[in-house]
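Enquirer: So the sequence shown is residues 1 to 952, counted in UniProt numbering.
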Amino acid sequence: MAPKFRDGDTIASFNGKWVSYTHTAMAYAAFVGALVVGMWLHYHKIVQNEIAGYPEEWFPSVSATIGDRYPERSVFMLFIALTSGPRFALVGLWYVLTRRPNSTLPKFVAGVGIFRTLTCGGWTYITSTDDHDWHDIFMISYLVATLPWTIGCFALSPRNPTALKYRKLFAGSFFATLVPLIYFFIRHKVHRIPGAYTIYAFFEWSLVLLDVAFDAVTMIEFANFEIVIKDVRGVSRGAGNKAVSDAVLEKEKDKELGAVFSGAFTWAGFFDAAADVYTGFVFWSMLTALGVCVWYFPLWHMGISGYEVMVMCTISPFLLCVRPLRFLIVRHVRICHLLSLSGLLSFLAKSPENRLFSAGFGVWMACLSWAATFYGERSQPHRLEARISAFSLGLIASSVAKFAFYTNNPIWPIMHEANGGWNKTGLVVAVIAILRSTRSTASSGADVPAPGPTKGSSTLSAFGIAGLFFAMHSLLSDSSTMISWVWEGYPVRGPLAVPHGAVTLLAMGFGICIGLFAPNLSRSWAFYGVGSIGAAILTTSKHWTGYYGALVTAIYTMAVAPALISQAARHSPAKTFGLGFLVYNFMVLFHVWVVAYAFVPGGPLVREHTDWVMTAMMLLIGAGVFSVSAQPAALKSYKGKSTVTAAASRQRSYYLYVLGFLEVLAVATAYLRFPSYDYTPYHPETKSITAGIWTIHFSLDNDMWSSEYRMRDLIKELEVDVIGLLESDLQRIIMGNRDTTQFLAEDLGMYVDFGPGPNKHTWGSALLSKFPIVNSTHHLLPSPVGELAPAIEATINAYGTLVDVFVFHSGQEEDPEDRRLQSEYLAERMKATPRPAILLSYLVIKPGEGNYNTYVGEKSGMKDIDSSDWDRWCEYILYKGLKRTGYARVSRHTITDTELQVGKFVVDQPENGNDLIPEDQVAPGLRFPALFKGEGVRGHRYHVFNEPRYYA
């Protein structure tokens with residue numbers, strides 16, 4: 001008989017732990033039940049994947065188990081539906097258990113719990129077969145929400161050692177399992193290793209079990225609850241529980257890490273931090289855009305144009321040497337920040353010149369604004385730290401944005417609505433962010449000095465700023481830059497831009513945390529030595545070894561930033577930031593000269609010396625560390641007591657929340673962008689290869705817009721299966737640290753080989769293929785005088801036949817000896833292969849003359865796709881061991897300065913003659929698209945012959 005209370009009759013009651021028991025039992029029944037039924041009824045079908053089946057693959061993945069097959073899908077859906085009730089009850093009880101006065105965190109965590117429950121229903125009841133996009137959206141949302149749910153549960157967890165122990169065990173195991181999970185998924189998807197998916201499946205199932213187990217721990221706390229059902233509405237008289245985070249913070253309130261998350265969370269504080277970070281994002285967006293805008297002009301002039309002087313827009317902090325002007329700028333820094341937004345407005349300018357001047361003025365004002373901001377906040381270290389955190393997180397935000405938008409920043413001047421730009425949205429948010437971020441400064445214009453003595457050289461601090469900003473810009477402004485340094489072709493032996501770009505971003509975030517929480521470490525000479533070793537390994541090594549050096553470099557660079565910028569802010573901003581940006585500009589030019597040596601004065605002196613660039617960068621940072629080391633360390637006792645106030649620690653926590661959000665966004669982007677690797681050619685029924693060659697002029701069209709979308713459309717409409725791209729290496733400051741091949745490969749569904757890398761000092765070559773790339777080798781051809789000639793030698797698997805594809809960019813007309821040596825080298829490579837071969841090239845010759853007879857004929861074994869085409873100078877398609885069926889030249893319109901040449905070949909058929917046949921005698925699958933006949937479309941048409949040519 002249920003007891004009675006004076007405020008109503010108790011109809012029933014039960015212990016709160018049964019909510020957790022029921023939730024756990026139903027959830028496990030859903031997954032385990034589907035697994036048992038699936039293995040009983042459809043074992044061989046659910047272990048089969050696109051690479052292998054039983055016996056290589058012998059255990060099914062979660063998705064294969066709970067997918068579309070009846071009845072296992074029904075078993076799963078039945079029990080997962082029964083889980084929803086206990087799940088909502090569990091979230092509600094957790095809120096009741098953890099609610100505290102004046103704290104919004106319990107409400108936030110409860111909201112996340114409800115959101116996870118709803119998104120779980122989304123990916124459960126909408127399978128990838130029903131709607132692949134929405135299934136992925138719900139799944140990603142669920143996984144992204146797991147991180148704040150887990151952290152929130154830890155922060156609010158009641159003081160129970162047993163529950164804490166199990167939560168740490170299950171949460172730690174959950175996140176640790178993600179590493180091998182991703183590793184074996186890549187081995188399955190990229191390396192296509194039979195059996196790898198089975199191992200991946202075990203880790204996938206472990207994630208499911210651990211996720212449910214983490215929530216099952218609530219049965220320990222809920223055992224203290226008695227759920228009573230009465231016949232009269234009552235009001236809760238329960239007292240809030242003291243969370244373990246409160247107890248720990250009271251006991252260890254002097255500890256810096258613990259103090260960060262103390263106090264009540266407020267949305268106002270979070271939005272302040274987010275506005276600061278977005279302002280930093282705008283700075284890095286404008287700075288990284290300046291180089292691209294400047295590059296357009298020497299690119300079209302094929303030499304020094306005069307517009308290169310705009311790189312000096314960054315030296316505006318020199319104006320701060322005038323005291324009245326410095327007072328005015330620091331006091332009205334908001335106006336300076338708003339004026340810097342002209343850089344975001346520049347997309348409205350139609351002419352490239354006006355766009356460059358607008359972008360340059362934006363960078364001028366942005367550099368001036370941030371130097372004044374750092375200087376203005378120097379009197380209050382916690383406020384200065386906040387600005388430095390925003391500045392550094394702005395770089396991460398910029399890199400995350402480029403990661404999400406295929407290495408283009410959506411608010412750059414070279415972007416607009418037609419090619420994926422978000423310029424208007426970015427501008428509106430920037431105005432709001434600046435207005436909120438610049439409401440006040442510490443000094444309000446007065447020269448209030450930084451606390452304590454100021455030691456160290458201002459000149460050395462300026463050198464440190466130069467090295468730091470150059471490292472951040474050249475290596476970290478895009479998550480794929482350092483990955484391209486260590487990439488050496490197929491088979492895959494190192495990191496990939498996707499998903500490992502997210503790892504680079506995680507390393508950058510880890511570096512920021514080191515700089516905030518271990519300042520003595522970040523400013524130490526030992527840590528500088530570690531960073532230098534990382535830079536050396538990145539410069540000299542490849543594959544995974546080189547990437548490990550890249551991660552160390554990323555961590556060190558971000559970690560040392562707070563120390564170097566804080567030290568610079570103590571001195572005259574004109575000296576430290578003005579001189580720093582000036583030296584940074586020389587580093588940018590040095591960085592370009594090593595590859596552009598054939599077109600610039602004094603270029604041969606630094607030819608191919610990226611090692612000198614990296615050495616100079618680390619020496620500059622070392623000069624800054626030397627200046628910092630002269631400054632007395634913050635007074636700290638051995639026991640770790642700090643002068644950081646509770647308010648400053650709480651402020652720091654908001655920036656860490658923003659960092660967490662950015663990192664989760666990076667991981668989610670990596671998941672969404674991960675390639676499917678299930679590509680098929682356009683006309684497999686004919687066993688044909690449509691191959692093309694195109695010089696893309698660094699993905700800037702004639703009007704200085706990014707040209708990836710227009711290139712994508714032309715390649716897709718021409719149904720090109722294999723294409724060589726030249727002048728494709730954009731992984732330098734002056735080109736925006738971009739990679740066009742990422743967008744083209746993912747959007748067109750093609751494998752991609754990018755090479756040689758930017759540390760090999762070429763203008764780049766790339767290969768995109770609908771067919772798997774079995775092996776590839778990157779070559780640097782003999783170039784004793786002129787620019788280096790890159791080449792890719794790749795073997796593709798076309799319908800079961802191995803075909804070699806060469807992508808090659810010859811030297812310039814001014815260097816005949818270089819071109820002769822290169823022709824002999826490449827002819828030997830083509831002659832040596834016993835397989836059918838295609839050369840997609842830029843040769844700088846006239847048909848039938850000079851080196852043409854080395855490339856075509858007995859020396860190489862190659863034939864010209866059409867020896868009667870006299871109107872060629874640069875682009876050529878050669879072949880052997882294949883039946884050539886068609887050839888066309890398609891006009892470029894305003895995308896680039898070079899047409900797209902395309903040839904059609906048939907595999908496993910002998911070479912044919914030169915007899916031309918009319919199109920109506922050609923099989924439909926071997927014809928070129930009719931779209932480009934006559935006037936064509938969007939300025940693209942068949943030209944020279946005015947139609948494609950077909951061969952018998």
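Note that beta-carbon positions come from the ideal geometry of N, C-alpha and C, so glycine has one too.
Over what stretch of residues does the beta strand (DSSP E) that includes H697 continue unbroken?
Expert: Taking the sequence shown and counting its residues from 1, one reaches residue 697 at position 697. Element bounds for H697: n/a, residue is neither H nor E.
Enquirer: To which residues of the same chain is L551 closer than 8 Å at the C-beta, ignoring the five residues directly before and after it?
Expert: In the sequence shown, the residue the question calls residue 551 occupies position 551. Taken in chain order, the residues that qualify are V503, T504, A507 and G534.
Enquirer: CB-CB under 6 Å to R493, same chain, minus the five flanking residues each way: which ones, in chain order?
Expert: If you number the sequence shown from 1, residue 493 lands on position 493. Hits under 6 Å: H543.
Enquirer: Should H778 go down as buried or exposed, given a rule of 16 or more other Cβ atoms within 10 Å for buried?
Expert: Counted from its first residue, the sequence shown places residue 778 at position 778. Answer is buried; the Cβ neighbour count reaches 16.
Enquirer: By the 10 Å Cβ neighbour count, where 16 or more other Cβ atoms means buried, how is Q921 classified, buried or exposed?
Expert: One-based indexing of the sequence shown puts residue 921 at position 921. With fewer than 16 other Cβ atoms within 10 Å, it is exposed.
Enquirer: To the nearest angstrom, how far is it from the Cα of T438 to the Cα of D130?
Expert: Residue 438 sits at position 438 when you count from the first residue of the sequence shown. Residue 130 sits at position 130 when you count from the first residue of the sequence shown. Each residue's Cα considered, the two are about 49 Å apart.
Enquirer: Can you look up P847 in the DSSP assignment and give me helix, strand or coil?
Expert: Translated into the one-based positions of the sequence shown, residue 847 becomes position 847. The answer is coil: DSSP assigns P847 none of H, G, I, E or B.
Enquirer: I'd like the list of long-range same chain contacts for A798, defined as Cβ closer than 6 Å, with 5 residues on each side in sequence excluded.
Expert: Translated into positions along the sequence shown, residue 798 becomes position 798. Taken in chain order, the residues that qualify are I689, F771 and V907.
Enquirer: Quick one: using the 10 Å Cβ neighbour count with 16 as the cut-off for buried, is L635 buried or exposed?
Expert: On the sequence shown, position 635 is the one that residue 635 refers to. Only weak support exists for where L635 lies, its pLDDT of 39 falling under 50; the coordinates are left without a value.
Enquirer: Can you give the Cα-Cα distance for Y166 and F214, rounded to whole angstroms?
Expert: Within the sequence shown, the letter at position 166 stands for residue 166. Within the sequence shown, the letter at position 214 stands for residue 214. Distance between the alpha carbons of Y166 and F214 is about 8 Å.
Enquirer: Over what stretch of residues does the beta strand (DSSP E) that includes N737 continue unbroken?
Expert: Taking the sequence shown and counting its residues from 1, the one referred to as residue 737 is at position 737. Element bounds for N737: n/a, residue is neither H nor E.
Enquirer: Apart from the five residues just before and just after L665, which ones in its own chain have a Cβ nearer than 7 Å to its Cβ?
Expert: Here residue 665 refers to the residue found at position 665 when the sequence shown is read from its first residue. So the qualifying residues of the chain are V400.
Enquirer: Taking Cβ to Cβ, would you say R819 is nearer than 9 Å to P847?
Expert: Here residue 819 is taken as the residue at index 819 of the sequence shown, counted from 1. Here residue 847 is taken as the residue at index 847 of the sequence shown, counted from 1. Contact flag unset, no.
Enquirer: Who are the near neighbours of G152 in its chain, counting only those whose CB is closer than 6 Å to its CB and skipping five residues on each side?
Expert: Taking the first residue of the sequence shown as 1, we reach residue 152 at position 152. The answer, listed in chain order, is V109.
Enquirer: Decide if the region 67-84 is in contact with the region 34-43; the criterion is three or more beta carbon pairs, one per stretch, under 8 Å apart.
Expert: With a cut-off of 8 Å, the region 34-43 and the region 67-84 count as touching, because enough Cβ pairs lie within range.
Enquirer: Which residues share a DSSP beta bridge with R436?
Expert: What you label residue 436 is simply residue 436 of the sequence shown in a count that begins at 1. For R436, which the question treats as bridged, DSSP gives no partner whatsoever.
Enquirer: Could you check where the alpha helix (DSSP H) with V72 kicks off and where it finishes?
Expert: The sequence position of residue 72 within the sequence shown is 72, counting from 1. The residue you asked about is not Val; residue 72 is Glu in the sequence shown. Here the alpha helix (DSSP H) through E72 covers E72 to T98.
Enquirer: Kindly identify the DSSP beta-bridge partner or partners of S765.
Expert: For the purposes of this step, residue 765 is taken as the residue at position 765 of the sequence shown. L726 and G755, per the DSSP bridge assignment.
Enquirer: Grouping DSSP H, G and I as helix and E and B as strand, with all else coil, what is Q651?
Expert: Here residue 651 refers to the residue found at position 651 when the sequence shown is read from its first residue. Helix at Q651.
Enquirer: Whole angstroms is fine: what's the gap from P784's alpha carbon to M830's?
Expert: Counting from 1 along the sequence shown, the entry for residue 784 is found at position 784. Counting from 1 along the sequence shown, the entry for residue 830 is found at position 830. Each residue's Cα considered, the two are about 22 Å apart.
Enquirer: Any idea what DSSP makes of A798, helix, strand or coil?
Expert: Taking the first residue of the sequence shown as 1, we reach residue 798 at position 798. If DSSP states are grouped into helix, strand and coil, A798 belongs with the strands.
Enquirer: Spatial neighbours of L579 within its chain, please: CB distance less than 6 Å, with the 5 preceding and 5 following residues excluded, ordered by chain position.
Expert: Within the sequence shown, the letter at position 579 stands for residue 579. A462, listed in sequence order.
Enquirer: Identify the residues that DSSP records as bridge partners of S776: which are they?
Expert: Here residue 776 refers to the residue found at position 776 when the sequence shown is read from its first residue. Its beta-bridge partners are A794.
Enquirer: Please confirm whether P910 and K933 have their CB atoms less than 9 Å apart.
Expert: Position 910 of the sequence shown, counted from the start, is the residue given in the question as residue 910. Position 933 of the sequence shown, counted from the start, is the residue given in the question as residue 933. Taking 9 Å as the Cβ cut-off, P910 and K933 do not qualify as a contacting pair.
Enquirer: I'd like the span of the alpha helix (DSSP H) that includes Q631, first residue to last.
Expert: Working through the sequence shown from its first residue, we reach residue 631 at position 631. Note, Q631: premise wrong, no alpha helix (DSSP H); not H, not E.
Enquirer: I'd like the span of the alpha helix (DSSP H) that includes R331, first residue to last.
Expert: By 1-based counting over the sequence shown, the position of residue 331 is 331. First-last of the alpha helix (DSSP H) with R331: R323 to R331.
Enquirer: Along the chain, where does the beta strand (DSSP E) that runs through F905 open and close?
Expert: In the sequence shown, counting from the first residue as 1, residue 905 sits at position 905. L900 to V906 is the extent of the beta strand (DSSP E) around F905.
Enquirer: Look at the alpha carbon of T643 and the alpha carbon of P381, and state the distance between them as a whole number of angstroms.
Expert: In the sequence shown, residue 643 corresponds to position 643, counting from 1. In the sequence shown, residue 381 corresponds to position 381, counting from 1. Note on T643: pLDDT 47, under 50, position unreliable in the model; the coordinate value appears next. C-alpha separation (whole angstroms): 10 Å.
Enquirer: Using the Cβ count rule (16 or more neighbours within 10 Å means buried), how would you classify I440?
Expert: Taking the first residue of the sequence shown as position 1, residue 440 is located at position 440. Correcting the residue identity first, residue 440 is Ser in this sequence and not Ile. With fewer than 16 other Cβ atoms within 10 Å, it is exposed.
Enquirer: Tell me, please, which residues DSSP counts as bridged to K883.
Expert: Counting from one through the sequence shown, the residue named residue 883 turns up at place 883. Paired residue(s): V906.
Enquirer: How many Å lie between M482 and L538 at the Cα?
Expert: Along the sequence shown, read from residue 1 onward, the residue named residue 482 stands at position 482. Along the sequence shown, read from residue 1 onward, the residue named residue 538 stands at position 538. In a straight line, the C-alpha of M482 is about 8 Å away from that of L538.
Enquirer: Report yes if the CB atom of I838 is closer than 9 Å to the CB atom of V805, and no otherwise.
Expert: Working through the sequence shown from its first residue, we reach residue 838 at position 838. Working through the sequence shown from its first residue, we reach residue 805 at position 805. In this structure, V805 lies closer than 9 Å to I838 by Cβ.
Enquirer: For residue 960 and F527, what's the separation of their Cα atoms in angstroms?
Expert: The requested residue 960 is not part of the displayed model; the chain covers only 1 to 952.
Enquirer: Does DSSP put P573 in a helix, a strand or coil?
Expert: Along the sequence shown, one-based indexing puts residue 573 at 573. P573 falls in the helix class under three-state DSSP.
Enquirer: To the nearest angstrom, how far is the alpha carbon of L320 from that of V844?
Expert: Position 320 of the sequence shown holds residue 320. Position 844 of the sequence shown holds residue 844. Going by the C-alpha atoms only, they are around 51 Å apart.
Enquirer: Classify T695 as buried or exposed, calling it buried when 16 or more other Cβ atoms lie within 10 Å of its own Cβ.
Expert: Residue mapping note: residue 695 aligns to position 695 of the sequence shown, counting from 1. So T695 counts as buried.
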